[in-house]
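S.K.: There's a structure below that I have some questions on.
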Amino acid sequence: MAQVVRGVIARAKGAPVEVVPVVVPDPGPGEAVVRVQACGVCHTDLHYREGGINDEFPFLLGHEAAGVVESVGEGVDEVAPGDYVILNWRAVCGRCRACKRGRPWYCFATHNAKQRMTLEDGTELSPALGIGAFAEKTLVAAGQCTKVDPAASPAAAGLLGCGVMAGLGAAINTGQVGRGDSVAVIGCGGVGNAAVVGSLLAGAGRIIAVDVDDRKLETARQLGATHTVNSRTVDPVAAIRELTGGNGADVVIEAVGRPETYRQAFYARDLAGTVVLVGVPTPEMTLELPLLDVFGRGGALKSSWYGDCLPERDFPMLIDLYLQGRLDLDAFVSETIPLDGVEEAFARMHRGEVLRSVVVF
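In numbering that gives the first Met the number 0, the protein residues as written are 0 to 360.
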(Lines of atoms letter the chains of each structure in order from A and count residues from 1; the text may use other names and numbers.)
(Lines give C-alpha, C1' and ligand atoms only; values in the text may rest on other atoms or scores of the structure.)
Protein backbone atom coordinates (compact mmCIF):
# COMPACT_ATOMS: atom_id res chain seq x y z
CA MET A 1 0.00 0.00 0.00
CA ALA A 2 1.34 3.44 -0.99
CA GLN A 3 2.62 5.65 1.84
CA VAL A 4 2.51 9.42 2.25
CA VAL A 5 5.65 11.03 3.67
CA ARG A 6 7.13 14.52 3.90
CA GLY A 7 9.58 15.52 1.18
CA VAL A 8 11.37 18.57 -0.24
CA ILE A 9 10.48 19.56 -3.78
CA ALA A 10 11.56 22.24 -6.25
CA ARG A 11 8.34 23.21 -8.01
CA ALA A 12 9.75 25.72 -10.50
CA LYS A 13 13.08 27.18 -11.62
CA GLY A 14 14.56 29.39 -8.92
CA ALA A 15 11.55 29.09 -6.62
CA PRO A 16 12.20 28.36 -2.92
CA VAL A 17 11.93 24.69 -2.09
CA GLU A 18 8.83 23.38 -0.29
CA VAL A 19 8.16 20.60 2.20
CA VAL A 20 5.07 18.77 0.91
CA PRO A 21 3.35 15.38 1.20
CA VAL A 22 4.90 12.83 -1.19
CA VAL A 23 3.26 9.56 -2.21
CA VAL A 24 5.69 6.61 -2.20
CA PRO A 25 4.32 3.52 -3.98
CA ASP A 26 5.02 -0.05 -2.93
CA PRO A 27 8.19 -1.35 -4.56
CA GLY A 28 7.73 -3.12 -7.87
CA PRO A 29 10.03 -5.74 -9.39
CA GLY A 30 13.67 -4.80 -8.82
CA GLU A 31 12.78 -1.88 -6.53
CA ALA A 32 13.14 -1.03 -2.84
CA VAL A 33 11.63 1.46 -0.41
CA VAL A 34 14.22 2.93 1.95
CA ARG A 35 13.55 4.79 5.21
CA VAL A 36 16.00 7.66 4.96
CA GLN A 37 18.02 8.46 8.08
CA ALA A 38 20.23 11.26 6.74
CA CYS A 39 20.81 13.10 3.46
CA GLY A 40 23.49 15.65 2.57
CA VAL A 41 22.76 18.96 0.86
CA CYS A 42 24.78 18.88 -2.37
CA HIS A 43 25.41 21.52 -5.05
CA THR A 44 23.72 19.18 -7.51
CA ASP A 45 20.41 19.64 -5.68
CA LEU A 46 20.81 23.40 -6.04
CA HIS A 47 21.55 22.92 -9.77
CA TYR A 48 18.27 21.02 -10.09
CA ARG A 49 16.38 23.83 -8.36
CA GLU A 50 17.99 26.40 -10.65
CA GLY A 51 17.11 24.42 -13.80
CA GLY A 52 20.78 23.78 -14.51
CA ILE A 53 20.37 20.06 -15.21
CA ASN A 54 17.02 19.75 -16.96
CA ASP A 55 13.52 21.22 -16.81
CA GLU A 56 11.59 18.17 -15.60
CA PHE A 57 9.96 20.00 -12.69
CA PRO A 58 8.81 19.34 -10.04
CA PHE A 59 11.91 17.69 -8.59
CA LEU A 60 12.09 15.64 -5.42
CA LEU A 61 15.51 16.76 -4.20
CA GLY A 62 18.21 14.98 -2.21
CA HIS A 63 20.55 12.13 -3.14
CA GLU A 64 23.48 11.81 -0.67
CA ALA A 65 21.72 9.46 1.69
CA ALA A 66 21.91 6.54 4.06
CA GLY A 67 18.99 4.63 5.55
CA VAL A 68 17.34 1.29 6.18
CA VAL A 69 15.57 -0.85 3.60
CA GLU A 70 11.92 -1.09 4.55
CA SER A 71 10.55 -3.29 1.76
CA VAL A 72 11.63 -4.80 -1.54
CA GLY A 73 9.87 -5.84 -4.71
CA GLU A 74 9.78 -9.08 -6.63
CA GLY A 75 13.12 -10.53 -7.69
CA VAL A 76 15.26 -8.50 -5.29
CA ASP A 77 17.95 -10.54 -3.59
CA GLU A 78 20.84 -8.10 -3.16
CA VAL A 79 19.25 -6.37 -0.16
CA ALA A 80 16.50 -7.25 2.31
CA PRO A 81 14.29 -5.36 4.77
CA GLY A 82 16.36 -4.18 7.72
CA ASP A 83 19.60 -3.74 5.76
CA TYR A 84 21.50 -0.51 6.42
CA VAL A 85 22.43 0.99 3.06
CA ILE A 86 24.02 3.94 1.31
CA LEU A 87 22.12 5.05 -1.78
CA ASN A 88 23.96 5.47 -5.06
CA TRP A 89 22.83 7.03 -8.32
CA ARG A 90 24.50 4.63 -10.73
CA ALA A 91 23.03 1.15 -10.33
CA VAL A 92 25.02 -0.89 -12.84
CA CYS A 93 23.25 -3.12 -15.35
CA GLY A 94 25.79 -5.97 -15.67
CA ARG A 95 24.94 -6.36 -19.36
CA CYS A 96 26.21 -3.33 -21.31
CA ARG A 97 29.51 -3.33 -23.19
CA ALA A 98 31.35 -1.63 -20.30
CA CYS A 99 30.08 -4.19 -17.79
CA LYS A 100 30.90 -7.09 -20.11
CA ARG A 101 34.44 -5.76 -20.51
CA GLY A 102 34.89 -5.94 -16.73
CA ARG A 103 34.59 -2.18 -16.21
CA PRO A 104 31.21 -1.81 -14.49
CA TRP A 105 32.18 1.55 -12.98
CA TYR A 106 31.74 2.90 -16.54
CA CYS A 107 28.32 1.22 -16.96
CA PHE A 108 26.51 2.84 -19.90
CA ALA A 109 23.04 1.67 -18.85
CA THR A 110 22.67 2.58 -15.19
CA HIS A 111 19.07 2.55 -14.03
CA ASN A 112 16.63 3.85 -11.44
CA ALA A 113 13.21 2.81 -10.14
CA LYS A 114 10.64 2.46 -12.93
CA GLN A 115 7.76 3.81 -10.85
CA ARG A 116 7.52 7.49 -9.97
CA MET A 117 6.77 9.03 -6.63
CA THR A 118 4.06 11.68 -6.87
CA LEU A 119 2.35 14.58 -5.18
CA GLU A 120 -1.04 13.83 -3.63
CA ASP A 121 -2.79 15.13 -6.77
CA GLY A 122 -0.95 12.55 -8.88
CA THR A 123 1.69 14.90 -10.32
CA GLU A 124 4.79 12.83 -11.03
CA LEU A 125 8.04 13.89 -9.34
CA SER A 126 11.50 13.71 -10.90
CA PRO A 127 13.83 12.36 -8.19
CA ALA A 128 17.24 14.05 -8.10
CA LEU A 129 19.78 11.66 -9.63
CA GLY A 130 17.10 8.98 -9.51
CA ILE A 131 17.01 9.02 -5.70
CA GLY A 132 14.96 11.86 -4.17
CA ALA A 133 16.10 11.45 -0.58
CA PHE A 134 15.02 14.72 1.01
CA ALA A 135 12.08 12.62 2.11
CA GLU A 136 11.29 10.39 5.05
CA LYS A 137 11.14 7.43 2.64
CA THR A 138 12.10 7.04 -0.99
CA LEU A 139 11.68 4.51 -3.81
CA VAL A 140 14.81 3.42 -5.68
CA ALA A 141 16.09 0.58 -7.82
CA ALA A 142 17.41 -2.14 -5.53
CA GLY A 143 20.79 -1.83 -7.25
CA GLN A 144 21.01 1.71 -5.88
CA CYS A 145 21.22 0.30 -2.35
CA THR A 146 24.68 -0.69 -1.11
CA LYS A 147 24.76 -2.56 2.17
CA VAL A 148 27.37 -1.33 4.69
CA ASP A 149 28.24 -1.75 8.35
CA PRO A 150 25.37 -0.29 10.45
CA ALA A 151 27.84 1.04 13.00
CA ALA A 152 28.56 3.98 10.69
CA SER A 153 26.83 7.28 11.40
CA PRO A 154 24.13 7.92 8.75
CA ALA A 155 25.09 11.61 8.51
CA ALA A 156 28.65 10.68 7.58
CA ALA A 157 27.98 7.50 5.60
CA GLY A 158 25.43 9.11 3.31
CA LEU A 159 28.02 11.55 1.98
CA LEU A 160 29.72 8.67 0.17
CA GLY A 161 26.60 8.59 -1.98
CA CYS A 162 27.83 11.52 -4.06
CA GLY A 163 30.26 14.33 -3.24
CA VAL A 164 32.78 12.65 -0.97
CA MET A 165 32.93 9.56 -3.19
CA ALA A 166 33.36 11.76 -6.26
CA GLY A 167 36.40 13.46 -4.75
CA LEU A 168 37.96 10.39 -3.16
CA GLY A 169 37.46 8.43 -6.36
CA ALA A 170 38.85 11.21 -8.55
CA ALA A 171 42.15 10.82 -6.68
CA ILE A 172 42.25 7.08 -6.04
CA ASN A 173 40.37 5.57 -8.99
CA THR A 174 40.61 8.07 -11.84
CA GLY A 175 43.86 9.86 -11.05
CA GLN A 176 45.46 6.70 -9.65
CA VAL A 177 47.51 8.76 -7.22
CA GLY A 178 50.46 6.69 -6.06
CA ARG A 179 52.83 6.68 -3.11
CA GLY A 180 55.02 9.76 -3.10
CA ASP A 181 53.15 11.52 -5.92
CA SER A 182 52.62 15.26 -5.95
CA VAL A 183 48.97 16.26 -6.26
CA ALA A 184 47.28 19.63 -6.75
CA VAL A 185 43.57 20.04 -6.10
CA ILE A 186 41.92 23.10 -7.63
CA GLY A 187 38.67 23.98 -5.85
CA CYS A 188 38.30 22.97 -2.21
CA GLY A 189 34.59 22.57 -1.60
CA GLY A 190 33.23 19.21 -0.51
CA VAL A 191 34.42 17.35 -3.62
CA GLY A 192 37.85 19.00 -3.74
CA ASN A 193 38.53 18.42 -0.08
CA ALA A 194 37.49 14.80 -0.52
CA ALA A 195 40.13 14.61 -3.28
CA VAL A 196 42.64 15.92 -0.73
CA VAL A 197 41.64 13.12 1.64
CA GLY A 198 41.77 10.56 -1.17
CA SER A 199 45.27 11.70 -2.12
CA LEU A 200 46.35 11.35 1.51
CA LEU A 201 44.89 7.83 1.67
CA ALA A 202 46.75 6.92 -1.52
CA GLY A 203 50.07 8.00 0.00
CA ALA A 204 50.74 11.21 -1.92
CA GLY A 205 53.90 12.95 -0.79
CA ARG A 206 52.81 16.51 -1.52
CA ILE A 207 49.21 17.72 -1.64
CA ILE A 208 48.64 21.29 -2.80
CA ALA A 209 45.18 22.76 -2.22
CA VAL A 210 44.11 25.70 -4.39
CA ASP A 211 41.10 27.96 -3.80
CA VAL A 212 40.08 31.61 -3.56
CA ASP A 213 38.68 31.22 -0.02
CA ASP A 214 41.08 31.03 2.92
CA ARG A 215 38.41 29.24 5.01
CA LYS A 216 38.30 26.37 2.53
CA LEU A 217 42.07 26.27 2.34
CA GLU A 218 42.32 25.97 6.12
CA THR A 219 39.88 23.06 6.01
CA ALA A 220 41.98 21.45 3.28
CA ARG A 221 45.07 21.78 5.45
CA GLN A 222 43.26 20.18 8.38
CA LEU A 223 42.23 17.29 6.10
CA GLY A 224 45.75 16.60 4.86
CA ALA A 225 46.93 19.25 2.40
CA THR A 226 50.64 19.93 2.85
CA HIS A 227 50.50 23.30 1.08
CA THR A 228 47.79 25.83 0.22
CA VAL A 229 47.55 28.43 -2.54
CA ASN A 230 45.06 31.29 -2.65
CA SER A 231 44.62 31.80 -6.39
CA ARG A 232 42.96 35.15 -5.79
CA THR A 233 46.33 36.61 -4.81
CA VAL A 234 48.92 34.50 -6.68
CA ASP A 235 49.20 32.68 -10.01
CA PRO A 236 48.26 29.08 -9.10
CA VAL A 237 50.22 27.56 -12.00
CA ALA A 238 53.41 29.32 -10.97
CA ALA A 239 52.81 28.47 -7.31
CA ILE A 240 52.22 24.77 -8.02
CA ARG A 241 55.34 24.62 -10.19
CA GLU A 242 57.42 26.31 -7.50
CA LEU A 243 56.18 23.79 -4.92
CA THR A 244 57.10 20.86 -7.18
CA GLY A 245 60.66 21.73 -8.10
CA GLY A 246 59.61 23.67 -11.18
CA ASN A 247 58.04 20.61 -12.78
CA GLY A 248 54.33 20.71 -11.99
CA ALA A 249 52.26 18.14 -10.10
CA ASP A 250 52.02 14.48 -11.08
CA VAL A 251 48.23 14.65 -10.77
CA VAL A 252 46.06 17.78 -10.89
CA ILE A 253 42.42 17.40 -9.89
CA GLU A 254 40.07 20.12 -11.15
CA ALA A 255 37.06 20.24 -8.83
CA VAL A 256 35.48 23.47 -10.09
CA GLY A 257 34.33 22.70 -13.62
CA ARG A 258 35.26 25.92 -15.41
CA PRO A 259 37.42 26.52 -18.51
CA GLU A 260 39.71 28.92 -16.61
CA THR A 261 40.49 26.46 -13.84
CA TYR A 262 40.83 23.58 -16.29
CA ARG A 263 43.51 25.53 -18.16
CA GLN A 264 45.27 26.10 -14.85
CA ALA A 265 45.14 22.36 -14.18
CA PHE A 266 46.48 21.58 -17.65
CA TYR A 267 49.51 23.82 -17.30
CA ALA A 268 50.13 23.04 -13.63
CA ARG A 269 50.81 19.33 -14.24
CA ASP A 270 54.18 17.80 -14.91
CA LEU A 271 55.09 16.47 -18.36
CA ALA A 272 53.28 13.16 -18.83
CA GLY A 273 51.20 14.01 -15.76
CA THR A 274 47.46 13.54 -15.35
CA VAL A 275 44.60 16.03 -15.24
CA VAL A 276 41.33 14.82 -13.71
CA LEU A 277 38.16 16.83 -14.28
CA VAL A 278 35.63 16.10 -11.55
CA GLY A 279 34.02 19.56 -11.34
CA VAL A 280 30.82 19.63 -13.40
CA PRO A 281 30.69 22.29 -16.16
CA THR A 282 27.51 23.89 -17.47
CA PRO A 283 26.29 23.25 -21.05
CA GLU A 284 27.42 26.56 -22.53
CA MET A 285 31.06 26.26 -21.45
CA THR A 286 33.75 25.60 -24.05
CA LEU A 287 37.48 24.98 -23.80
CA GLU A 288 40.28 26.03 -26.15
CA LEU A 289 43.83 24.71 -25.80
CA PRO A 290 46.71 24.77 -28.28
CA LEU A 291 46.70 21.32 -29.84
CA LEU A 292 50.49 21.32 -29.94
CA ASP A 293 50.51 21.72 -26.14
CA VAL A 294 48.08 18.82 -25.75
CA PHE A 295 50.40 16.70 -27.88
CA GLY A 296 53.69 17.98 -26.56
CA ARG A 297 52.91 17.69 -22.85
CA GLY A 298 51.82 14.05 -23.11
CA GLY A 299 50.16 12.36 -20.19
CA ALA A 300 46.43 11.95 -19.70
CA LEU A 301 43.38 14.18 -19.59
CA LYS A 302 40.59 12.35 -17.78
CA SER A 303 37.04 13.00 -16.69
CA SER A 304 35.85 11.36 -13.48
CA TRP A 305 32.27 10.07 -13.38
CA TYR A 306 31.21 9.68 -9.75
CA GLY A 307 34.87 9.09 -8.88
CA ASP A 308 34.80 6.08 -11.25
CA CYS A 309 33.44 4.20 -8.26
CA LEU A 310 31.81 0.81 -8.07
CA PRO A 311 29.53 1.24 -5.06
CA GLU A 312 29.45 -2.41 -4.03
CA ARG A 313 33.26 -2.43 -4.01
CA ASP A 314 34.07 1.04 -2.72
CA PHE A 315 31.36 1.95 -0.18
CA PRO A 316 31.95 -0.98 2.23
CA MET A 317 35.72 -0.53 2.00
CA LEU A 318 35.53 3.19 2.76
CA ILE A 319 33.08 2.65 5.62
CA ASP A 320 35.53 0.13 7.10
CA LEU A 321 38.27 2.78 6.93
CA TYR A 322 35.90 5.26 8.60
CA LEU A 323 35.13 2.87 11.44
CA GLN A 324 38.86 2.17 11.88
CA GLY A 325 39.48 5.91 12.29
CA ARG A 326 41.49 6.13 9.06
CA LEU A 327 38.94 8.18 7.06
CA ASP A 328 37.36 11.13 8.83
CA LEU A 329 33.97 11.39 7.14
CA ASP A 330 32.63 13.27 10.16
CA ALA A 331 34.88 16.19 9.22
CA PHE A 332 32.71 16.80 6.15
CA VAL A 333 29.53 17.23 8.23
CA SER A 334 29.46 20.96 8.96
CA GLU A 335 25.99 20.91 10.52
CA THR A 336 22.89 18.77 10.86
CA ILE A 337 19.53 20.30 10.01
CA PRO A 338 15.83 19.36 9.91
CA LEU A 339 13.98 18.70 6.67
CA ASP A 340 12.58 22.22 6.56
CA GLY A 341 16.09 23.71 6.72
CA VAL A 342 17.14 22.89 3.15
CA GLU A 343 16.49 26.33 1.65
CA GLU A 344 18.64 28.05 4.28
CA ALA A 345 21.31 25.37 3.81
CA PHE A 346 21.45 26.19 0.09
CA ALA A 347 22.20 29.82 0.99
CA ARG A 348 24.99 28.84 3.40
CA MET A 349 26.46 26.49 0.80
CA HIS A 350 26.35 29.22 -1.85
CA ARG A 351 28.23 31.55 0.51
CA GLY A 352 30.91 28.91 1.09
CA GLU A 353 30.18 28.62 4.80
CA VAL A 354 29.85 24.82 4.96
CA LEU A 355 31.32 21.66 3.47
CA ARG A 356 28.04 19.82 3.94
CA SER A 357 24.80 20.49 5.71
CA VAL A 358 23.08 17.17 6.40
CA VAL A 359 19.37 16.62 6.88
CA VAL A 360 18.85 14.16 9.74
CA PHE A 361 15.49 12.48 10.21
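By construction, the Cβ of each residue, glycine as well, lies at the ideal position given by its N, Cα and C atoms.
Please read all numbers here as calculations on a predicted model, not as lab measurements.
Is it true that the CB of Ala219 sits closer than 8 Å to the CB of Gly197?
M.R.: For Gly197 and Ala219, no; Cβs fall outside 8 Å.
S.K.: Taking the alpha carbon of Ala37 as the point to measure from, which residue in Lys99, Arg102, Arg10 and Ala156 has its own alpha carbon closest?
M.R.: Ala156
S.K.: Are the Cβ atoms of Val190 and Gly166 separated by less than 8 Å?
M.R.: Closer than 8 Å, so yes.
S.K.: Pull up the distance between the alpha-carbon of Gly39 and that of Tyr321, whole angstroms please.
M.R.: 17 Å
S.K.: Just grab the DSSP bridge partners of His226 for me.
M.R.: Beta-bridge pairing by DSSP links His226 to Ile207.
S.K.: When DSSP labels each residue in this structure, what does Val250 get in the three-state scheme?
M.R.: Look at Val250 here: in three-state DSSP terms it is strand.
S.K.: What are the boundary residues of the alpha helix (DSSP H) that Thr303 is part of?
M.R.: In the sequence as presented, Thr is not what sits at residue 303; that position holds Ser. Per DSSP, Ser303 is not a residue of any alpha helix (DSSP H), being assigned neither H nor E.
S.K.: Gly188 and Phe133 look like a contact to me (Cβ under 8 Å); what is the Cβ gap, rounded to whole Å?
M.R.: Incorrect: roughly 20 Å between the Cβ atoms, too far for contact.
S.K.: Use the C-beta contact count for Asn172: other C-beta atoms within 10 angstroms, 16 or more gives buried, fewer gives exposed.
M.R.: buried
S.K.: With C-beta atoms as the reference, is Val332 less than 8 Å away from Val357?
M.R.: yes
S.K.: Touching or not, the region 102-114 and the region 40-54, by the rule of three or more beta carbon pairs under 8 Å?
M.R.: The region 102-114 and the region 40-54 do not touch, with fewer than 3 CB-CB distances between them shorter than 8 Å.
S.K.: How many Å lie between Thr335 and Pro126 at the Cα?
M.R.: Cα to Cα, the separation comes out at about 22 Å.
S.K.: What's the call for Val0, buried or exposed, on a 16-neighbour Cβ count within 10 Å?
M.R.: The sequence shown places Met at residue 0, not Val. When all chains shown are included, Met0 counts as exposed.
S.K.: Measure the Cβ-Cβ separation of Phe314 and Leu159 and say whether it is below 8 Å.
M.R.: yes
S.K.: From Ala79 to Glu69, what distance separates their C-alpha atoms?
M.R.: 8 Å
S.K.: Considering only DSSP beta bridges, list what Asp66 is partnered with.
M.R.: Note on identity: in this sequence residue 66 is Gly, with Asp being the wrong assignment. BP columns for Gly66 point to Val35 and Val84.
S.K.: Quick check: what's the CA-CA separation for Val279 versus Arg257?
M.R.: 8 Å
S.K.: Could you spell out where the beta strand (DSSP E) holding Val359 opens and where it closes?
M.R.: Ser356 to Val359
S.K.: Tell me the start and end of each unbroken alpha helix (DSSP H) in the region 252-327 that is at least 4 residues and wholly inside, in chain order.
M.R.: 258-267, 290-296 and 310-322
S.K.: Using 10 angstroms around the beta-carbon of Gly121, count the other beta-carbons present and answer buried if the total reaches 16, otherwise exposed.
M.R.: Classification of Gly121: exposed, given that the 10 Å Cβ count is below 16.
S.K.: Going by Cα to Cα distance, which pick from Val277, Ser303 and Tyr266 is closest to Glu287?
M.R.: Tyr266
S.K.: Going by DSSP, what residue range makes up the beta strand (DSSP E) through Val195?
M.R.: DSSP places Val195 in no beta strand (DSSP E) but in the uninterrupted alpha helix (DSSP H) bounded by Gly189 to Ala201.
S.K.: If you reduce the DSSP assignment to three classes, tell me which class Leu167 lands in.
M.R.: helix
S.K.: Helix, strand or coil for Ala238, going by three-state DSSP, please let me know.
M.R.: helix
S.K.: What's the gap between the Cα of Pro57 and the Cα of Pro153?
M.R.: 27 Å
S.K.: Run through DSSP, which three-state label would Arg5 get?
M.R.: Correct three-state label for Arg5: strand.
S.K.: Tell me which residues share the same chain as Val3 and place their Cβ nearer than 6 Å to its Cβ, disregarding the 5 neighbours each side in the sequence.
M.R.: Answer for Val3: Pro20 and Val22, listed in chain order.
S.K.: Are the CB atoms of Asp82 and Lys146 nearer to each other than 8 Å?
M.R.: yes
S.K.: Report the start-end ranges of each beta strand (DSSP E) in the region 325-353 that is 3 residues or longer and not cut off at the edges.
M.R.: 334-336
S.K.: How big is the Cα-Cα spacing for Gly6 and Ala271?
M.R.: One C-alpha to the other measures close to 48 Å.
S.K.: Measuring only the C-alpha atoms, how far is Asp210 from Ala194?
M.R.: 13 Å
S.K.: When the Cα atoms are used, what is the spatial distance from Leu45 to Phe345?
M.R.: 7 Å
S.K.: For Glu55, which residues of its own chain have a beta-carbon under 8 Å away from its beta-carbon, when the five flanking residues on both sides are left out?
M.R.: Ser125
S.K.: Of the choices Lys99, Val35, Asp329 and Asp307, whose alpha-carbon is the least far from that of Val84?
M.R.: Val35
S.K.: What did DSSP end up calling Leu118 once you bin it into helix, strand or coil?
M.R.: coil
S.K.: Quickly, what does DSSP pair Cys144 with across the bridge? List them, please.
M.R.: Leu86
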